[in-house]
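A.B. asks: Pasting in a structure now, in structure tokens, and then I'll have a few things to ask.
Pasting the structure below:
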């Protein structure tokens, strides 16, 4: 007799709800939204001030595990974007999404320097909660019909290129649907009309922002005040200036210079500048390097700058006896803060006693530092030094400056030759 086929009992189908996957709008009360905004703001402040973060899972209590498909934190200053970071993808608990987005916005947006403690009081913040990621099934020009301005954000990808724009971008810039699609392609580094192509994946999502000012967040005194400022002291810089002078003489004479000064500061900085000066002369030799993220190891940077200064001295064929009388001024730059543009500067928080004002346009920059000047006077001086044909769109920054030169002006724009 043939055996009866085994009877299998079907297991009930496990369905994943929108609530479990973050596929629908989170239902938050006004009080809960305030809690999310406060938690995100305190996370930004803790990261900026190098303080231990709160445990957001505990802070947000019952709200902590609300599922989201993504979250972004956007920081602005006087209406201009300062930083915007987050993620969109697999469903995660709200506390985890906020923690990640807030930290990244504070420290990791590659388009901008990390947020400076001096900026906190002057920043607006939006906390975006995202859901409803859906592929656009339409093809070609018909994709325009799938985009609802004011409701949808866009995510586009092709190959390794990917771009995302939040729903607020279209509203703030008065984009229509075709323009919004063009701009998300631009964000991804794709041709502007790539959204029409069948090999380009286009998705819409929804979201809303909880908005307010970062400075309004009632952080505790322990968290609100920054840890001791990293970087060299004035005494450190004076010692390093003497060390650079010694190395300059060794470089110039062909002797072996010292690569490293023991027991001296050697952290990462945003920039350094050497100014070689001759007694009785107003002509200096300036060598400098400046970046907008603190990625320059100080002592190796100083070694290269002294080497460049020695080469400039040899080019000028300076009498070796005169070399012994040169002095070296040294300036170190740290903690960049964005201060708007030349057309629309926001110089609040700039203390001329400790910060230089910098005008930056692509690879051209100029800096001014003088404790006796106002921030506005420093900006005017930096604009003049930059010699930009149209300075209006140039970025304005300030940098914490530790220097032996208290009337500092610098530029990487070549000065015109005398008589030219």
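Residue numbers (my numbering): 2 to 421.
A virtual CB, placed ideally from N, CA and C, is assigned to each residue, including glycine.
Ends of the beta strand (DSSP E) at residue 360?
C.D. replies: Looking at the DSSP string, the run of the beta strand (DSSP E) that includes residue 360 is 356-362.
A.B. asks: Report, in whole angstroms, the separation of the C-beta atoms of residue 253 and residue 314, which I expect to be a contact under 8 Å.
C.D. replies: So it is a contact: roughly 6 Å between Cβ atoms.
A.B. asks: For residue 1 and residue 95, which I take to be in contact (beta-carbon distance under 8 Å), what is that distance rounded to the nearest angstrom?
C.D. replies: With the chain covering 2 to 421 only, the question about residue 1 has no answer from this structure.
A.B. asks: Scan the segment 306-348 and note each continuous beta strand (DSSP E) run of 3 residues or more that stays entirely inside, going in chain order.
C.D. replies: Runs found: 328-342.
A.B. asks: Should the segment 133-153 be regarded as contacting the segment 106-119, the criterion being three or more beta carbon pairs within less than 8 Å?
C.D. replies: With a cut-off of 8 Å, the segment 106-119 and the segment 133-153 do not count as touching, because too few Cβ pairs lie within range.
A.B. asks: Look up residue 286 in the DSSP assignment and say whether it is helix, strand or coil.
C.D. replies: The answer is strand: DSSP assigns residue 286 an E or B state.
A.B. asks: So what does DSSP say about residue 412, is it helix, strand or coil?
C.D. replies: Strand.
A.B. asks: Provide the residue span of the beta strand (DSSP E) that contains residue 156, from first to last.
C.D. replies: Segment 153-159, the beta strand (DSSP E) holding residue 156.
A.B. asks: Quick one: what does DSSP say residue 89 is sitting in, helix, strand or coil?
C.D. replies: Strand, per DSSP.
A.B. asks: Determine the direct distance from the alpha carbon of residue 98 to that of residue 277, and round the result to whole angstroms.
C.D. replies: Near 51 Å, if we compare the C-alpha coordinates of residue 98 and residue 277.
A.B. asks: Under three-state DSSP, which class holds residue 220?
C.D. replies: Its pLDDT being 47, under 50, residue 220 is placed unreliably in this model, and the value from its coordinates should be taken loosely. The answer is coil: DSSP assigns residue 220 none of H, G, I, E or B.
A.B. asks: Could you name the residues of the same chain whose beta carbon sits closer than 8 Å to that of residue 37, not counting the 5 residues immediately before and after it, in chain order?
C.D. replies: Same-chain partners within the cutoff: 29, 61, 64, 95, 99, 128, 130, 211.
A.B. asks: Answer yes or no: does any C-beta atom of chain D fall closer than 7 Å to that of residue 350?
C.D. replies: Protein chains in the displayed structure number just one, and chain D is not present.
A.B. asks: Spatial neighbours of residue 309 within its chain, please: CB distance less than 6 Å, with the 5 preceding and 5 following residues excluded, ordered by chain position.
C.D. replies: Within the same chain, residue 309 has close Cβ partners 288.
A.B. asks: Mind the definition here: the segment 101-109 touches the segment 172-191 only if three or more C-beta pairs lie below 8 Å; say whether that holds.
C.D. replies: The answer is no - the segment 172-191 does not touch the segment 101-109, with fewer than three Cβ pairs under 8 Å.
A.B. asks: With residue 276 as the anchor, note down where its beta strand (DSSP E) starts and where it stops.
C.D. replies: 272-278 is the span of the beta strand (DSSP E), which, as asked, contains residue 276.
A.B. asks: With distances taken between CB atoms, is the gap from residue 237 to residue 266 smaller than 7 Å?
C.D. replies: Cβ atoms of residue 237 and residue 266: closer than 7 Å.
A.B. asks: Sort 390, 340, 405 by Cα distance to residue 379 and report the nearest one.
C.D. replies: The option with the nearest alpha carbon to residue 379 is 340.
A.B. asks: Below 8 Å on the Cβ atoms is my contact criterion, and I expect residue 45 with residue 215 to pass it. Report the Cβ-Cβ distance as a whole number of Å.
C.D. replies: That pair is a contact at about 7 Å.
A.B. asks: Within the segment 116-142, note down every full beta strand (DSSP E) run reaching 3 residues or more, in order along the chain.
C.D. replies: List check, beta strand (DSSP E) in window: 125-136.
A.B. asks: Restricting to Cα atoms, I'd like to know which of 51, 382, 26, 374 is closest to residue 72.
C.D. replies: Here the closest residue by C-alpha is 26.
A.B. asks: Report yes if the C-beta distance between residue 333 and residue 233 is below 7 Å; otherwise report no.
C.D. replies: Yes. Within cutoff.
A.B. asks: Using CA atoms only, rank isn't needed, just tell me which of 292, 398, 357, 155 is closest to residue 338.
C.D. replies: Of the candidates 292, 398, 357, 155, the one whose C-alpha sits nearest the C-alpha of residue 338 is 398.
A.B. asks: Let me know the beta strand (DSSP E) ranges lying completely inside the segment 171-248, each 3 residues or longer, listed in chain order.
C.D. replies: Taking only runs of at least 3 residues, the beta strand (DSSP E) segments lying wholly in the segment 171-248 are 202-214.
A.B. asks: Would you identify the three-state DSSP class for residue 370, choosing helix, strand or coil?
C.D. replies: Three-state result, residue 370: strand.
A.B. asks: Between the segment 354-362 and the segment 321-328, do three or more beta carbon pairs fall short of 8 Å?
C.D. replies: No: the two stretches stay apart, fewer than three of their Cβ pairs being nearer than 8 Å.
A.B. asks: Nearest to residue 304 by CA position, among 294, 282, 331, is which residue?
C.D. replies: Ranking 294, 282, 331 by Cα distance to residue 304 puts 331 first.
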